[in-house]
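Remarks on the structure that follows.
Here's what the structure looks like:
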């Protein structure tokens, strides 16, 4: 059981929006990483997808996910991306979705597993929940993380990302 | 109109930079969006086709998904 969370870095998106939030030069001194993301995307939809990439590489990412849409439950997978849902710009104004991303053994020399749970927010139909099991098939230590929109839209103002290091997990 | 920006936070120094994307990076973003939409559509279509094939097979066998699970347990 984890017993120490230390905030490594955080960011809040400013007025112009941001196409990505990139954490670089992540120290290797923790056992695990955890990210709390509160996000809303500029896409003209109720829901959009947020993707994660490591060390500047978009290759060898995959995931399997359970998706609840409010009217259906779906189990699916991606052989190309590691992602989960965020609300987008036709969701109820000023609402943001939450994500919790956990990356154990991020500095080790094995492939990197990722768990990610996410909910979107809107006071109408179309809100979604995701539970994601992800994999980056790469044995390099993770030194940078990029969060961005799968559809290349922007994170909107007041979206926030907090990166924590976990010790003695 | 200026290009979109990205936020980069150096975790060693704590310095946050807001960096305007180059034209090449903007073009790459547009390409990645198209690629992602195509791949996602392909994967969703495959998942739907797999689910339909599974349902058709169960129908042909005359058993439910739960009964199929029992057989495989």
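Protein chains in written order, with my numbering: chain B, 1209 to 1377; chain Y, 32 to 104.
Beta carbons: idealized from backbone N, C-alpha and C, even for Gly.
Checking contacts by CB at 8 Å: is residue i closer than that to chain B?
| i | result |
| --- | --- |
| residue 85 of chain Y | no |
| residue 52 of chain Y | yes |
| residue 61 of chain Y | yes |
| residue 58 of chain Y | no |
| residue 95 of chain Y | no |
| residue 55 of chain Y | no |
| residue 100 of chain Y | no |
| residue 80 of chain Y | no |
| residue 69 of chain Y | no |
| residue 64 of chain Y | yes |
| residue 37 of chain Y | yes |
Taking the DSSP output, what are the residues bridged to residue i?
| i | result |
| --- | --- |
| residue 94 of chain Y | None; residue 94 of chain Y has no bridge partner. |
| residue 1283 of chain B | B:1274 |
| residue 37 of chain Y | Y:50 |
| residue 1265 of chain B | B:1262 |
| residue 1245 of chain B | B:1307, B:1369 |
| residue 1232 of chain B | Y:41 |
| residue 1293 of chain B | B:1257 |
| residue 1226 of chain B | B:1363 |
| residue 1240 of chain B | B:1312, B:1374 |
Following the continuous beta strand (DSSP E) through residue i, name the residue where it begins and the one where it ends.
| i | result |
| --- | --- |
| residue 1368 of chain B | 1368-1375 |
| residue 1253 of chain B | Here residue 1253 of chain B belongs to no beta strand (DSSP E), and DSSP marks it neither H nor E. |
| residue 1356 of chain B | 1353-1357 |
| residue 1214 of chain B | 1212-1220 |
Count the other CB atoms, across all protein chains shown, that sit within 10 Å of the CB of residue i; report buried if there are 16 or more and exposed otherwise.
| i | result |
| --- | --- |
| residue 1340 of chain B | buried |
| residue 1330 of chain B | buried |
| residue 1302 of chain B | exposed |
| residue 69 of chain Y | exposed |
| residue 35 of chain Y | buried |
| residue 95 of chain Y | exposed |
| residue 103 of chain Y | exposed |
| residue 85 of chain Y | exposed |
| residue 1342 of chain B | buried |
| residue 1335 of chain B | buried |
| residue 62 of chain Y | exposed |
| residue 1373 of chain B | buried |
| residue 1295 of chain B | buried |
| residue 1221 of chain B | buried |
Give a yes or no on whether 8 Å exceeds the smallest Cβ distance from residue i to chain Y.
| i | result |
| --- | --- |
| residue 1358 of chain B | yes |
| residue 1240 of chain B | no |
| residue 1264 of chain B | no |
| residue 1221 of chain B | yes |
| residue 1309 of chain B | no |
| residue 1232 of chain B | yes |
| residue 1228 of chain B | yes |
| residue 1225 of chain B | yes |
| residue 1289 of chain B | yes |
| residue 1216 of chain B | yes |
| residue 1256 of chain B | no |
| residue 1235 of chain B | yes |
| residue 1286 of chain B | yes |
| residue 1376 of chain B | no |
| residue 1268 of chain B | no |
| residue 1362 of chain B | yes |
Completely contained beta strand (DSSP E) runs for the stretch 1300-1347 of chain B, where each covers 3 or more residues: Complete beta strand (DSSP E) runs here, min 3: 1305-1312, 1320-1327, 1337-1344.
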